[in-house]
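**Student:** I have a structure I would like to understand better, so I am pasting it below and will then ask my questions one at a time.
Protein chains: 2
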Amino acid sequence: MAGSPSMKDVAAYARVSLGTVSNVLNRPEVVAEATRKRVLAAIAELGFVRNESARQLRGGGSRTLAFVVLDTGNPFFTDVAQGVQEAADAVGLSVFLCDSGQDRRRQSAYLDLLEQQRVEGVLITPVDSGDERLTLLPRRGTPVVMVDAHSPDHCSVYVDDVAGGELAATHLLEGGHRHIAFVGGPLSLSQVADRLTGVREAYAHFGADVDDLVVLETAALDIMEGRRAGARLAGLPGRRRPTAVCCANDMLALGLLQEAVRLGLRVPEDLAIVGYDDIVFAEAAAVPLTSVAQPRQLIGRTAAEMLIAEARDRDAGHEHRQVVLAPELVVRASSRLRPLDGVA
Amino acid sequence: MAGSPSMKDVAAYARVSLGTVSNVLNRPEVVAEATRKRVLAAIAELGFVRNESARQLRGGGSRTLAFVVLDTGNPFFTDVAQGVQEAADAVGLSVFLCDSGQDRRRQSAYLDLLEQQRVEGVLITPVDSGDERLTLLPRRGTPVVMVDAHSPDHCSVYVDDVAGGELAATHLLEGGHRHIAFVGGPLSLSQVADRLTGVREAYAHFGADVDDLVVLETAALDIMEGRRAGARLAGLPGRRRPTAVCCANDMLALGLLQEAVRLGLRVPEDLAIVGYDDIVFAEAAAVPLTSVAQPRQLIGRTAAEMLIAEARDRDAGHEHRQVVLAPELVVRASSRLRPLDGVA
DNA sequence: GCAGCGGTTTATAACGTTTCACAAGAGTCT
DNA sequence: AGACTCTTGTGAAACGTTATAAACCGCTGC
Numbered sequence: 001m002a003g004s005p006s007m008k009d010v011a012a013y014a015r016v017s018l019g020t021v022s023n024v025l026n027r028p029e030v031v032a033e034a035t036r037k038r039v040l041a042a043i044a045e046l047g048f049v050r051n052e053s054a055r056q057l058r059g060g061g062s063r064t065l066a067f068v069v070l071d072t073g074n075p076f077f078t079d080v081a082q083g084v085q086e087a088a089d090a091v092g093l094s095v096f097l098c099d100s101g102q103d104r105r106r107q108s109a110y111l112d113l114l115e116q117q118r119v120e121g122v123l124i125t126p127v128d129s130g131d132e133r134l135t136l137l138p139r140r141g142t143p144v145v146m147v148d149a150h151s152p153d154h155c156s157v158y159v160d161d162v163a164g165g166e167l168a169a170t171h172l173l174e175g176g177h178r179h180i181a182f183v184g185g186p187l188s189l190s191q192v193a194d195r196l197t198g199v200r201e202a203y204a205h206f207g208a209d210v211d212d213l214v215v216l217e218t219a220a221l222d223i224m225e226g227r228r229a230g231a232r233l234a235g236l237p238g239r240r241r242p243t244a245v246c247c248a249n250d251m252l253a254l255g256l257l258q259e260a261v262r263l264g265l266r267v268p269e270d271l272a273i274v275g276y277d278d279i280v281f282a283e284a285a286a287v288p289l290t291s292v293a294q295p296r297q298l299i300g301r302t303a304a305e306m307l308i309a310e311a312r313d314r315d316a317g318h319e320h321r322q323v324v325l326a327p328e329l330v331v332r333a334s335s336r337l338r339p340l341d342g343v344a
Numbered sequence: 345m346a347g348s349p350s351m352k353d354v355a356a357y358a359r360v361s362l363g364t365v366s367n368v369l370n371r372p373e374v375v376a377e378a379t380r381k382r383v384l385a386a387i388a389e390l391g392f393v394r395n396e397s398a399r400q401l402r403g404g405g406s407r408t409l410a411f412v413v414l415d416t417g418n419p420f421f422t423d424v425a426q427g428v429q430e431a432a433d434a435v436g437l438s439v440f441l442c443d444s445g446q447d448r449r450r451q452s453a454y455l456d457l458l459e460q461q462r463v464e465g466v467l468i469t470p471v472d473s474g475d476e477r478l479t480l481l482p483r484r485g486t487p488v489v490m491v492d493a494h495s496p497d498h499c500s501v502y503v504d505d506v507a508g509g510e511l512a513a514t515h516l517l518e519g520g521h522r523h524i525a526f527v528g529g530p531l532s533l534s535q536v537a538d539r540l541t542g543v544r545e546a547y548a549h550f551g552a553d554v555d556d557l558v559v560l561e562t563a564a565l566d567i568m569e570g571r572r573a574g575a576r577l578a579g580l581p582g583r584r585r586p587t588a589v590c591c592a593n594d595m596l597a598l599g600l601l602q603e604a605v606r607l608g609l610r611v612p613e614d615l616a617i618v619g620y621d622d623i624v625f626a627e628a629a630a631v632p633l634t635s636v637a638q639p640r641q642l643i644g645r646t647a648a649e650m651l652i653a654e655a656r657d658r659d660a661g662h663e664h665r666q667v668v669l670a671p672e673l674v675v676r677a678s679s680r681l682r683p684l685d686g687v688a
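Chains as they are written, first to last, in my numbering: chain A, 1 to 344; chain B, 345 to 688.
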C-alpha cells in the first residue's frame, strides 16, 4: 500500500494465488492464457515492480558485474569499459562502473559494497593491489579479474608494460636521445613501475648509460600532474634539461606538452615526448603525440569474458590465466626526427 | 556451508542467538564487551559478509544512487560524475555509473534494473527523454533528477544552452563571420536543439540573415562524427564553404578540427571553430579550442544534492526545482581574430 | 465406478536480515 | 523479602520472492 505493491497485492487484485503470479513472471508457458492476461493486467494496473533484493535473496545471482576503475577521467579506461559492456551485454549481464579515483579508501569501500551486493564478479584496475580484499573476495566466492594489471592470484588481462616501456625508450634512443626523463607515478602502480623497467631495459639493450635517465615521480596520472612536470622540466637550464620524455600515460603527456609549449619549448626540437595508451585525444593534440597503443576494447572484452567464465564454473576447479597482449608504438610529430635533429 | 556463511552460522559459532549477532552489527553499544568480542571473532573466523539483499529486503533503502550517463567517453560527463561522487560521499551514499552509450534500449534496460534494485534515486542525462519510465519511476517512489537536461516533471540542473549557443554564435558574428555551420545531433537531444536555437537567436539579435546559417546534423556527439563533418566541410568548394563552425560539443569540434587541418584548411583563417563544454582536452588541442564552458562539477554536485533531498522527504510534498546555471565563453586560438581576418 | 491422466493452480517452506516485545539475572531501594 | 530498575540476551515475526510438492478438475479408458 504505502510502499510499492508486492506480488501478494497483485495476486489479491487478480484473484489468484501468489504462486500463480510467480509463474506468470517466471514460466509463463505453464499458466492458462486467460489467467495470464488477468495477472498481467493487474501488474500493469498496480504498477508492480519486481523486488530484485527479494529475488536475489531467494534464488539466483545478481546478473550484475562491476568494473572498479582507477580514473574515469582517463579515456583509456572508458574505452576498456566499452569492451567490458560489450561482453557483458552479450550474455545479458549489466555493468556498474565504480570510480576509485586513485583513492585506496574508495577502492576498499567499493569492494566491500560489491561483495555485500553479491555481484557476479568484479573487474578491477587496482590503486592498491595489496588490499587484502582482493584475495579475500575470490576465496569467498566473488571472482575478481585484474584489468591492465597482474597478480599471480587472479586471472588478469594486461598489456606487456615492460615491452611497451622498452618500445617507447628504444624509439627515443634511436632518435639520438640519451638524456631522457621518465615521468609517472605513483611507482606503486604496477603499470608505472613496469613501464619504467622497460625504459631501463631499453638503455641496457641499446648499450646506453642508464645514469642518463632521470625519473620524475608524480602523485597521479592526470593532466594536472603532467602540467606540473612540464613546468619543472621547462624550468631547468638548457644544459641540464632532458631532450626527451617518456610519460607513463597520455594524460601526463598531454599536460606536459601543453605546459612545455606554453613556456616556450619547441616540441620535438627542444623536447621530444612519448605518451602511453594512445587515447583518442593524443592524435588531436597541439603536437600530435607519439604514444604506445594498447588494444583497449580487447582488454575489456577479454577480461569480462574471463570473469564470466570464472563465475560460471565457480565450483569446478579453476585455473587462473594471465592474458598478455602486445603494445604497439604509434609515431607522430611529438617525437619525429627533423632534419635539424643531429644523430648522436 | 556451501554458500557464504550467514548470521545464523556466526551465531552458532559464537554460541549466541541470531539477534545478538545483529545487535553487534547494528547497535554494538547494547551488547556486553565480552560477547561482542566473541561475535566479532566468529565473524572474522568464518569470513562472514553481510548479505545486502536480505538487509535491504527487511529494512531500509539501498544507500546507493545511480547516474545514467549519455557517453562515458566524453570527459564532460566524467567531470560531472566527479561532482556527483563528491556529494554522495558527503552523505555516505555510493554511486553506480551506468553508460547508456546514447542507446535508448540500454537506457531503458538500466532504468528497469535500477528500479528493481530499489536504488535511492537516479540521476540521468537522457538519450530518450520520452521514455515513459522517466515519469513512471518517480511516481512509484524512485526520484529522478535530470542532469544537463530539463523536464517539467522532474527536478533538473542544467546550463542555459540557448544562452550558450547565442554566446558562441555572437562571438563568431562579431568576428565578421556570416556563413556559419552548426554541427551537432541528433536534434532530438534537448541540449543540441537548444544550442541551435541560441545560435539562431544570435543571428536575430545581431540583425544578420539566418539563411546564412547551415545546419549539419550528426548521428552522435563523438569524435568520429566530428571527423566526418570535418571531411564534408573540407570537401566543399571555397565559395560555398562556411567560414566558421559552431559545434554542439567539444568531441565533435576536436574531430572536426583534426580532419579539417589534415585536409589542409587553416584554423582559424579558413575555418574558425567553436566547441561546447570546454573539456580538459580542448585547451590542449592542435589549435587550442574556443569553447563554451559549463560548471561541470557544480552541475553534478547540485544535481546529486537535489536528488538526495528529494529522496529524503519522499512522502512530504515535494516541489520540483529547475536550477539553471550560466555558461561562459572561453576564447582561444581556434576562433581568434588575426590581423589577416577582415572585419565584415 | 475407479485409477490415471494432463493441465492448472495452490499452499508452504525456504532465503538472511532487522526489529521488537519480552525473559533472565543482577543490583538497589524500601 | 519483595518490588523496582537496568543491563543483556533471546525468540519470533516480518520483508518479497522462488521452488517444490501437493491438490484440484474434468476426462479417458478399462
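Glycine residues also receive a C-beta, built at the ideal position from the N, C-alpha and C atoms.
The structure displayed is predicted, hence computed values, not measured ones.
So is R312 (chain A) in contact with chain B if we call contact Cβ pairs under 7 Å?
**Tutor:** In the first sequence, the residue the question calls residue 312 (chain A) occupies position 312. Output row for R312 (chain A): interface = no.
**Student:** Alpha carbon to alpha carbon, how far is L651 (chain B) from R484 (chain B)? Give it in angstroms, no decimals.
**Tutor:** Locating residue 484 (chain B) in the second sequence gives position 140, where the first residue counts as 1. Locating residue 651 (chain B) in the second sequence gives position 307, where the first residue counts as 1. Each residue's Cα considered, the two are about 15 Å apart.
**Student:** F526 (chain B) by DSSP, collapsed to three states: which one?
**Tutor:** Start at 1 with the first residue of the second sequence, and residue 526 (chain B) comes out as number 182. It is a strand residue.
**Student:** Going by the DSSP bridge assignment, what does I273 (chain A) pair with across the sheet?
**Tutor:** Along the first sequence, read from residue 1 onward, the residue named residue 273 (chain A) stands at position 273. Bridge partners of I273 (chain A): A:V245.
**Student:** For D222 (chain A), is the classification buried or exposed, using 16 other Cβ atoms within 10 angstroms of its Cβ as the cut-off for buried?
**Tutor:** Translated into positions along the first sequence, residue 222 (chain A) becomes position 222. Looking at its Cβ environment, which holds 16 or more other Cβ atoms inside 10 Å, D222 (chain A) is buried.
**Student:** Use the C-beta contact count for L516 (chain B): other C-beta atoms within 10 angstroms, 16 or more gives buried, fewer gives exposed.
**Tutor:** As a first step, residue 516 (chain B) is located in the second sequence; it is residue number 172 there, counting from the start. L516 (chain B) should be labelled buried.
**Student:** Would you mind listing the alpha helix (DSSP H) stretches within the stretch 125-177 of chain A that are 4+ residues and don't spill past its ends, in chain order?
**Tutor:** Runs of the alpha helix (DSSP H) inside the stretch 125-177 of chain A: 133-139 and 161-174.
**Student:** G619 (chain B) versus chain A: which residues are under 9 Å apart at the beta carbon?
**Tutor:** The residue you call residue 619 (chain B) lines up with position 275 of the second sequence. Residues of chain A passing the Cβ test: none, with the nearest at roughly 12 Å.
**Student:** Quick check on G47 (chain A) - is its C-beta less than 7 Å from some C-beta in chain B?
**Tutor:** The count along the first sequence starts at 1 and reaches residue 47 (chain A) at position 47. By this cut-off, G47 (chain A) is an interface position.
**Student:** CA-CA distance, P75 (chain A) and L607 (chain B)?
**Tutor:** Here residue 75 (chain A) refers to the residue found at position 75 of the first sequence. Here residue 607 (chain B) refers to the residue found at position 263 of the second sequence. Taking the straight line joining both Cα atoms gives about 26 Å.
**Student:** Determine the closest residue to A109 (chain A) out of B:Q461, B:V439, B:L633 and B:P581, with distance taken between C-alpha atoms.
**Tutor:** By 1-based counting over the first sequence, the position of residue 109 (chain A) is 109. Considering only alpha carbons, the answer is B:V439.
**Student:** By DSSP, does V360 (chain B) sit in helix, in strand, or in coil?
**Tutor:** Residue numbering aside, residue 360 (chain B) sits at position 16 when the second sequence is read from its first letter. In the structure shown, V360 (chain B) sits in coil (DSSP, three-state: anything other than H, G, I, E or B).
**Student:** Interface residues of chain B around C98 (chain A) at Cβ under 9 Å?
**Tutor:** Along the first sequence, one-based indexing puts residue 98 (chain A) at 98. Within 9 Å Cβ-Cβ: S438, V439, F440 and L441.
**Student:** I believe V119 (chain A) touches T197 (chain A) by the beta-carbon criterion, under 8 Å. Please report the beta-carbon distance rounded to the nearest angstrom.
**Tutor:** Counted from its first residue, the first sequence places residue 119 (chain A) at position 119. Counted from its first residue, the first sequence places residue 197 (chain A) at position 197. Going by Cβ atoms, the distance from V119 (chain A) to T197 (chain A) rounds to 34 Å, so no, they are not a contact pair.
**Student:** Quick one: what's got a C-beta closer than 7 Å to S348 (chain B)'s C-beta in the same chain, skipping five residues either side?
**Tutor:** Numbered from 1 along the second sequence, position 4 holds the residue referred to as residue 348 (chain B). For S348 (chain B), where only same-chain residues beyond five positions count, the Cβ hits under 7 Å are V393.
**Student:** So, at 7 Å on beta carbons, what are the nonlocal neighbours of H318 (chain A) in its own chain, with the 5 sequence-adjacent residues on each side left out?
**Tutor:** Locating residue 318 (chain A) in the first sequence gives position 318, counting from the first residue. Within the same chain, H318 (chain A) has close Cβ partners E310.
**Student:** Looking at chain B, which residues of the stretch 239-256 of chain A have a Cβ within less than 7 Å of any of its Cβ atoms?
**Tutor:** Residues passing the 7 Å Cβ filter: L254.
**Student:** Would you mind sorting N26 (chain A) into buried or exposed? The rule is 16 or more other CB atoms within 10 Å of its CB.
**Tutor:** In the first sequence, the residue the question calls residue 26 (chain A) occupies position 26. Looking at its Cβ environment, which holds fewer than 16 other Cβ atoms inside 10 Å, N26 (chain A) is exposed.
**Student:** Reducing DSSP to helix, strand and coil, say where S334 (chain A) ends up.
**Tutor:** Taking the first residue of the first sequence as 1, we reach residue 334 (chain A) at position 334. Residue state, collapsed to three classes: helix.
**Student:** Do you know offhand how far V69 (chain A)'s Cα is from C246 (chain A)'s?
**Tutor:** In the first sequence, counting from the first residue as 1, residue 69 (chain A) sits at position 69. In the first sequence, counting from the first residue as 1, residue 246 (chain A) sits at position 246. Spanning the two alpha carbons is a distance of roughly 24 Å.
**Student:** What are the residues in the stretch 635-650 of chain B lying within 7 Å of chain A by C-beta distance?
**Tutor:** Listed in sequence order: no entries.
**Student:** Just by C-beta distance, which residues in the stretch 20-39 of chain A are closer than 9 Å to chain B?
**Tutor:** For the stretch 20-39 of chain A, which is checked against every Cβ of chain B, not one residue is closer than 9 Å.
**Student:** Given a cut-off of 7 Å on the beta-carbon distance, is the pair A432 (chain B) and A677 (chain B) in contact?
**Tutor:** The sequence position of residue 432 (chain B) within the second sequence is 88, counting from 1. The sequence position of residue 677 (chain B) within the second sequence is 333, counting from 1. Not closer than 7 Å, so no.
**Student:** Quick check on V280 (chain A) - is its C-beta less than 7 Å from some C-beta in chain B?
**Tutor:** Here residue 280 (chain A) refers to the residue found at position 280 of the first sequence. Yes, contact with chain B.
**Student:** Less than 7 Å between CB atoms is the rule here; does Q258 (chain A) satisfy it with respect to chain B?
**Tutor:** Along the first sequence, read from residue 1 onward, the residue named residue 258 (chain A) stands at position 258. With 7 Å as the cut-off, Q258 (chain A) counts as an interface residue toward chain B.
**Student:** May I ask you to report which of helix, strand or coil DSSP gives Q638 (chain B)?
**Tutor:** Translated into the one-based positions of the second sequence, residue 638 (chain B) becomes position 294. Coil.
**Student:** Tell me which residues share the same chain as V343 (chain A) and place their Cβ nearer than 6 Å to its Cβ, disregarding the 5 neighbours each side in the sequence.
**Tutor:** Indexing the first sequence from 1 puts residue 343 (chain A) at position 343. Model confidence at V343 (chain A) stands at a pLDDT of 44, short of 50, so the residue's coordinates are unreliable; what they give is reported in the following sentence. Taken in chain order, the residues that qualify are G176.
**Student:** Does any C-beta atom of chain A lie closer than 7 Å to the C-beta of R484 (chain B)?
**Tutor:** Reading the second sequence from its first residue, position 140 is the one you call residue 484 (chain B). Closer than 7 Å to some Cβ of chain A, the Cβ of R484 (chain B) qualifies, so yes.
**Student:** Thinking V199 (chain A) and L213 (chain A) are a contact (beta carbons under 8 Å), I'd like their distance in whole angstroms, please.
**Tutor:** Counting from 1 along the first sequence, the entry for residue 199 (chain A) is found at position 199. Counting from 1 along the first sequence, the entry for residue 213 (chain A) is found at position 213. Confirmed, Cβ separation roughly 7 Å.
**Student:** Between the alpha carbons of L684 (chain B) and L673 (chain B), how many angstroms are there, rounded?
**Tutor:** Taking the second sequence and counting its residues from 1, the one referred to as residue 684 (chain B) is at position 340. Taking the second sequence and counting its residues from 1, the one referred to as residue 673 (chain B) is at position 329. With a pLDDT of 47 at L684 (chain B), under the threshold of 50, the modelled position of this residue cannot be trusted, and the question is left open.
**Student:** Using a Cβ-Cβ distance under 7 Å, would I567 (chain B) count as near chain A?
**Tutor:** Within the second sequence, residue 567 (chain B) is the residue found at index 223, counting from 1. I567 (chain B) counts as touching chain A.
**Student:** Between A201 (chain A) and chain B, is the shortest Cβ-Cβ distance under 7 Å, so that the two count as touching?
**Tutor:** As a first step, residue 201 (chain A) is located in the first sequence; it is residue number 201 there, counting from the start. According to the sequence as given, residue 201 (chain A) is Glu; it is not Ala. No - not a single Cβ of chain B is within 7 Å of the one on E201 (chain A).
**Student:** Can you grab the Cα-Cα spacing for the pair I643 (chain B) / Q666 (chain B), in whole Å?
**Tutor:** Residue numbering aside, residue 643 (chain B) sits at position 299 when the second sequence is read from its first letter. Residue numbering aside, residue 666 (chain B) sits at position 322 when the second sequence is read from its first letter. Those two C-alpha atoms are separated by around 12 Å.
**Student:** For A54 (chain A) and A398 (chain B), I'd like the C-alpha separation in whole angstroms.
**Tutor:** Position 54 of the first sequence holds residue 54 (chain A). Position 54 of the second sequence holds residue 398 (chain B). Rounded to whole angstroms, A54 (chain A) to A398 (chain B) spans 7 Å at the Cα level.
**Student:** Taking C-alpha atoms, which residue in B:G404, B:D622 and B:G474 lies nearest to G493 (chain B)?
**Tutor:** Here residue 493 (chain B) is taken as the residue at index 149 of the second sequence, counted from 1. The amino acid occupying residue 493 (chain B) in the given sequence is Ala; Gly does not appear at that position. Selected option, being the one with the closest Cα: B:G474.
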